[in-house]
Amino acid sequence: MQNLEIMHQKAMQQYEEKNLDEALKIYNEIISLNPVDEVALSCVMDIYLEKNDKFNYYLSRANVNISQNKLEYAIKDTKKALEVDVDSIEARRKLARLYRVDNKNLKAIDEFLNLIRMNEHQLDAYFELADLYVKEDSLDSAISIAQKGFEMFPDDANMANMLAKLYFKANDNKKALEVVEDELLKIKILLEDGQNDKAMTELSNCKIDFKDENQARNYHILKAQYYYNTNEFDNSLEEIDKYIKLKAPDAVSFQMKALIYEELKDEFRSHLNWGFCFKLQGKFDEAIVEFDAASKENPKDKAALIELANLYQRNKERYVAMEYWQRVYDIDEDETAREILAEFYYSEGNFEKAQQYGKVLDKTDKKQQEEENYVGFLDRIMSFFGK
């Protein structure tokens, strides 16, 4: 930080001495080190205003608005810059990305297409366009623009792999295999295409850096898929466990386990793993259905009941959640379930029930309970004599 302060002092000194180009150079260095330095961004804007450079003034004012998260104003400023220089690649790219960040995908697509029309050698634009088309559920358009990008940059491995992924997504494995460069992606496509022997040969020969967590995880999950394809389910489960051990279980690992247990006719474990898979995907209603099915298969399993309790609690269905916590408690007097039930009944004012679950009441609570019990006693007497 001290270094930046010194740079600010030097830049300001140059500005005061009217050495605007030198001041601009230092402020741009500061921005390269800290892109959200509002002082530097504002000073750059002021320098361009003083230099009467309208194009760069509007672009630098857009940067100030971006740093303040005023995207609408940043977009307007970038448009003004383009009015000054309609052929600016820099301003066109900036406008396209601003639209994208502002979730105006269709406008972003139009601007990236304009960028390519201006200069078709814009590698980043092909990637961003393909991604935007996928987000807009236009897979054919994504493939079309990726094909054009691949024609322009046939030696770019990332472009080839992007096109392969899009072909794969469109279930065109043959075309995907023709262009794919990434070894692990190629193996994945081969496995999905049913070419198990070839996939295993590639898997055995590929160079994996097992110190790289992502590579190691991909290796184990692909090997698990191979064993699943060849009905070697115990080996598949073993590879999934290796995959999980490297980081943590995720939707993919739960999905694969669910599929394996379906093949093994283990309904309980299949439903349980589908439940965890849907939960991690944010599909909570589907997760409830699967956990409920798992609970019916094995009513004494606490894992499914706890998940159901938490999911219903998340849905603000508190009383339903407590029913499941009660079922958890009834299995083995689970300590967590006991505490939750005690606090629930205490919050409901049912102190007698709260005490049954071990809730220690203070003097005020006990006095209130005694008063309620006494009122109840009087009500019973009056009811008796009323008869």
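Our numbering puts the first residue of the sequence shown at 9, with every later residue one more than the last. Cβ coordinates follow ideal geometry from the N, Cα and C atoms, glycine included. Treat the numbers as computed from the prediction; the structure is a model and nothing was measured.
Along the length of the stretch 214–292, whole alpha helix (DSSP H) runs at least 4 residues long occupy 221–237, 241–254, 259–271 and 275–288, reported in chain order.
Boundaries of the alpha helix (DSSP H) harbouring Y66: K62 to S75, taken from the DSSP string.
Per DSSP, A178 is not a residue of any alpha helix (DSSP H), being assigned neither H nor E. I39 is positioned such that its CB atom lies no closer than 7 Å to that of K18. Cβ neighbours of I117 within its own chain (closer than 8 Å, five residues either side excluded): L137, L140, Y141 and E144. With respect to F276, N306 sits close: the two C-beta atoms are nearer than 7 Å. It is roughly 10 Å from the alpha-carbon of E91 to the alpha-carbon of Y66. The closest CA to that of E13, considering only N27, E24, S68 and D45, is found on D45.
In the three-state DSSP reduction, K361 falls in the helix class (H, G or I). Shown here for D85: same chain residues with a beta carbon closer than 8 Å to its own, the five before and five after excluded, namely Y66, L67, R69, A70 and N73 in chain order. Per the C-alpha coordinates, the member of D110, A207, I348 and E58 positioned closest to Y81 is D110. Within its own chain, the residues whose Cβ lies closer than 8 Å to the Cβ of K115, once the five positions on either side in sequence are excluded, are Y107, listed in chain order. Contact annotation: V328 and Y337 have beta-carbon atoms that are not nearer than 7 Å.
Ranked by how close their Cα comes to the Cα of P162, the residues S149, Q203, L131 and I268 have L131 in first place.
Separation of K310 and K265 (C-alpha to C-alpha, rounded to the nearest whole angstrom) is 19 Å. With respect to the C-alpha of L198, the residue from F218, A172, Q223 and F241 having the closest C-alpha is A172.
Excluding sequence positions up to five before and after K287, its CB lies within less than 6 Å of the CB of A295, all in the same chain and listed in chain order. For E37, the enclosing alpha helix (DSSP H) begins and ends at L28 to L41. Membership of V44 in any alpha helix (DSSP H) is not indicated, and neither H nor E is assigned to it by DSSP.
Taking every protein chain shown into account, the CB of K219 has fewer than 16 other CB atoms within 10 angstroms, so this residue is exposed. The alpha helix (DSSP H) runs of length 4 or more contained entirely in the stretch 301–355 are, from start to end of the chain, 310–322, 326–340 and 343–355. When only Cα atoms are considered, F262 and R225 end up about 14 Å apart. Scanning its chain for C-beta atoms nearer than 7 Å, with the 5 sequence neighbours on each side dropped, one finds around L230 the residues L192, I195, K196, L199 and L211, in chain order. Assignment of N127 by DSSP, reduced to helix, strand and coil, places it in the coil class. Assigned with DSSP and collapsed to three states, V188 falls in coil, not helix or strand.
Secondary structure at F161: coil, using DSSP grouped into helix, strand and coil.
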